[in-house]
Structure formats: structure tokens, C-alpha cells
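Okay, so here's the structure we're looking at.
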Amino acid sequence: MKTHIPVVEQILSANDQIAEQNQTRLDQAGVFGINLMASPGAGKTSTIIKTFEHLNSSLRIGMINGDLATSIDAEKAQAKGITAVQINTGGNCHLDSVMLQSALDQLPLEEIDLLLVENVGNLVCPANFMLGTHKNILIASVPEGDDKPYKYPSMYRGVDALIINKIDLLPYIDFNMGYFQKGVEMLNPGLVTFPISCKTGEGIGEWAVWLEKQTND
Amino acid sequence: MHELSISQNLLELALKHANQAGASRIIDITLEIGELSTVLDDSVQFYWDMISAGTIAEGAQLHFERIAAKMECLGCRHTYLLKQSELSCPECDSINVAVIAGDEFLLKSIEVETDQVAEPA
Numbered sequence: 549m550k551t552h553i554p555v556v557e558q559i560l561s562a563n564d565q566i567a568e569q570n571q572t573r574l575d576q577a578g579v580f581g582i583n584l585m586a587s588p589g590a591g592k593t594s595t596i597i598k599t600f601e602h603l604n605s606s607l608r609i610g611m612i613n614g615d616l617a618t619s620i621d622a623e624k625a626q627a628k629g630i631t632a633v634q635i636n637t638g639g640n641c642h643l644d645s646v647m648l649q650s651a652l653d654q655l656p657l658e659e660i661d662l663l664l665v666e667n668v669g670n671l672v673c674p675a676n677f678m679l680g681t682h683k684n685i686l687i688a689s690v691p692e693g694d695d696k697p698y699k700y701p702s703m704y705r706g707v708d709a710l711i712i713n714k715i716d717l718l719p720y721i722d723f724n725m726g727y728f729q730k731g732v733e734m735l736n737p738g739l740v741t742f743p744i745s746c747k748t749g750e751g752i753g754e755w756a757v758w759l760e761k762q763t764n765d
Numbered sequence: 003m004h005e006l007s008i009s010q011n012l013l014e015l016a017l018k019h020a021n022q023a024g025a026s027r028i029i030d031i032t033l034e035i036g037e038l039s040t041v042l043d044d045s046v047q048f049y050w051d052m053i054s055a056g057t058i059a060e061g062a063q064l065h066f067e068r069i070a071a072k073m074e075c076l077g078c079r080h081t082y083l084l085k086q087s088e089l090s091c092p093e094c095d096s097i098n099v100a101v102i103a104g105d106e107f108l109l110k111s112i113e114v115e116t117d118q119v120a121e122p123a
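Chains A and B are the protein sequences, given in the same order. Just add 548 to the spot in the first sequence (first one is 1) and you have my numbering. Just add 2 to the spot in the second sequence (first one is 1) and you have my numbering.
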């Protein structure tokens, strides 16, 4: 016989449940976790390294790096002295909570205060998959263009803070900051925003102060 | 390409509920997907057909119920349907607006075949 079964359950509920477990684990170890998302080339690894240089004396920082392939980014970070673990997603376009779970196994969580998770470079898929980190941060960059909030609304809507990297390039690129910020404001009113340049170091201090306060609170 | 992960999550969820009901086959699956969810129907069905092969969900038809994106102006309380990327309130032009529908991403129901009468839940 044919039966109708009402379900009404979040399709990604399994991912969300493991994300909750990840967060409990981080909380128990006293680790504050952030999920850094951006398009490829926006400067995720550079921002992590700059952040590390600013906060290294006050916070113990760990990093998890997600990429389709290679361990270039984790090696770059390790060379700077950051405790880093690489996840290769094998073609998958985003990290999910299961991948983060296995990466957490490889880190000495008791020796870390702040965990920076570098998601796969992508402005679509990572927005759908909770990891269990405490804050979602988006890094936009000037060369991407000022229309990205309008083109990738789901990413801009779901984040807790926004970094605008490569502001040293503003004189050379047609990037209308007013238009960009209007889009951001519509999607995520009052979003805390940090214009920075990893090249010149401008704005990194303000971002680092904010992040340190979030970590310690 | 996150549709593959979505299809895998969907399959696990559907099989769990079908097994609980003692089903021998899943015939139809109804999803409730908000317009703001970045999911492509055809792509999910494509992956679904591949990953459900050999399970009791093989051949199941996916039905996508799309929920329109609805906004509410937090200034004048006007509610309106979202058109393209014009987010601002059509009444007062405010950009202080909130999404009240369109984020849905749910498995709503499944139709299954059972060899015997299912136990009431």
C-alpha cells in the first residue's frame, strides 16, 4: 500500500547536528572559532597571517585550511609559526561540519585560544553549511568588484562581520564603495565592516582588536 | 556543486524516515525550498538519480515546492514579495528590511510503498 509520511525536517539537519557537536567541543576546550569565507584570491590566507602577526603575543592561534587540493596554504601558515591543519576536500566546493570534526581531531585544542578556519574559496556553497564555529566572517576584496553583495546575497546575509581587503587598490579600480556598502546594508543592516589592506597593513589593527575582544568575551 | 552534498543529506534523511515506516520503496519526495536558497532543482535531481541507485529510493521523483521570498519593512511594516535584487521597501524606500519567507530548505514529506500497514507513530 501507498503511505504519505509528513517529515518537515531541515535537509541539512545531519550537518547542523555535527556542527553543534563541534561547537560544544570548541567551548569545552575554551577555543573561539571563526569561519572565514571569501572568493578565491580575496586574501584569506594573507588575512590569517596578518591577524596572527598582530595577535600572536596575546592569543594562541590555530588554523584549519580547506582547499580542493594541495597544502600550500597550511604550509605558508606553518612557516609563520601557526599551528595549521590542511583539509583537502577532493573537489568539494565547501567545508562541512564532518570535515571540520576530523580536522579538530588533529589539533591540540587545549593549546589554542582562537581557531581560524579558512573555508574553500567560493561565495555560494559555504553559506549553506554550518561548521560549528562561533562567527562567520566574509572577506570581500576590491578587485572582485562592487556588485558582489547584489550577486551573492545569501553569502552577505549570513555573516557576522565583513572585511574589505585590498583597499590599497582603490585608486586603480572602478570600485564604488557607496554602491557596495548600500548592497551590504540592505542585506545585513549594521554589519560590522573592516576595510583593510594586507599589503600595507592598513586597518588590520582595528580588525585584530575587534577579533581579540570577541575571543575573550 | 553543493547539490551533491545536499542530495546525499536528503537521501539519508529520506531513507531514515522510510525505514522507520517499514517502507519497501520511496516513490515521491516533496521538498520545500525558499527562493533565496541557492539550490538548482535539476542539479539535485541529477545527483539524486545517481546516488539513490540501488537503494529503496531509486527512481523516486523529487518535487520542489518553491516558496516566494517575502520581505517586511522594519520602518513602515509593509510586506512585499521580493523582485529581482530590489530589496528596498516599495512603499517608503527604506533599506531596513527583513526576510520573512524564502529561506526554507526542508524535506516536507515522502510517499512510500509499504508491504503491510504501517504502525501508527
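Glycine is no exception: its CB is placed at the ideal position from the N, C-alpha and C atoms.
Taking 8 angstroms as the CB threshold, HIS65(B) stays off the interface with chain A. For PHE600(A), the enclosing alpha helix (DSSP H) has its first and last residue at 592-603. The Cβ of PHE107(B) sits closer than 8 angstroms to at least one Cβ of chain A. Between ASN613(A) and ARG79(B), the alpha-carbon positions lie close to 43 angstroms from each other. Not a single C-beta of chain A is nearer than 8 angstroms to the C-beta of ASN21(B).
At a beta-carbon threshold of 7 angstroms, the residues of chain A lying near SER90(B) are MET734, ordered along the chain.
If the five residues before and after ALA62(B) are omitted, its C-beta is found closer than 7 angstroms to the C-beta atoms of ILE28, ILE29, ASP30, ILE31, SER54, all from its own chain and listed in chain order. In the structure shown, PHE742(A) falls within a strand segment according to DSSP collapsed to helix, strand and coil. Under a criterion of Cβ atoms nearer than 9 angstroms, no residue of chain A is adjacent to ILE69(B); the nearest Cβ is some 13 angstroms distant.
Residue contact check for MET647(A) against chain B: no CB pair falls below 8 angstroms.
Rounded to the nearest whole angstrom, the C-alpha separation of GLU88(B) and ARG608(A) is 44 angstroms.
Annotation: HIS642(A) to THR681(A) spans about 14 angstroms, alpha carbon to alpha carbon. Interface residue (Cβ-Cβ distance to chain A less than 8 angstroms): HIS80(B) is not classified as such. Here SER702(A) has ALA675 as same chain residues with Cβ atoms under 7 angstroms from its own Cβ, once five neighbours each way along the sequence are excluded.
Taking 8 angstroms as the CB threshold, VAL555(A) lines the interface with chain B. Counting only runs of at least 3 residues, the stretch 595-677 of chain A fully encloses the following beta strand (DSSP E) elements, listed from N- to C-terminal order: 609-615, 631-636, 662-666.
For ILE97(B), there is no enclosing alpha helix (DSSP H), as DSSP gives it neither H nor E. By DSSP's assignment, TYR82(B) forms a beta bridge with MET73(B). Here DSSP, grouped into helix, strand and coil, assigns MET585(A) to strand. Nearest Cα to VAL41(B) within the set CYS91(B), SER96(B), ILE69(B): ILE69(B). Beta-bridge partners assigned by DSSP to THR551(A): VAL114(B). Here TRP50(B) is buried: its Cβ has 16 or more other Cβ atoms, across all protein chains shown, within 10 Å.
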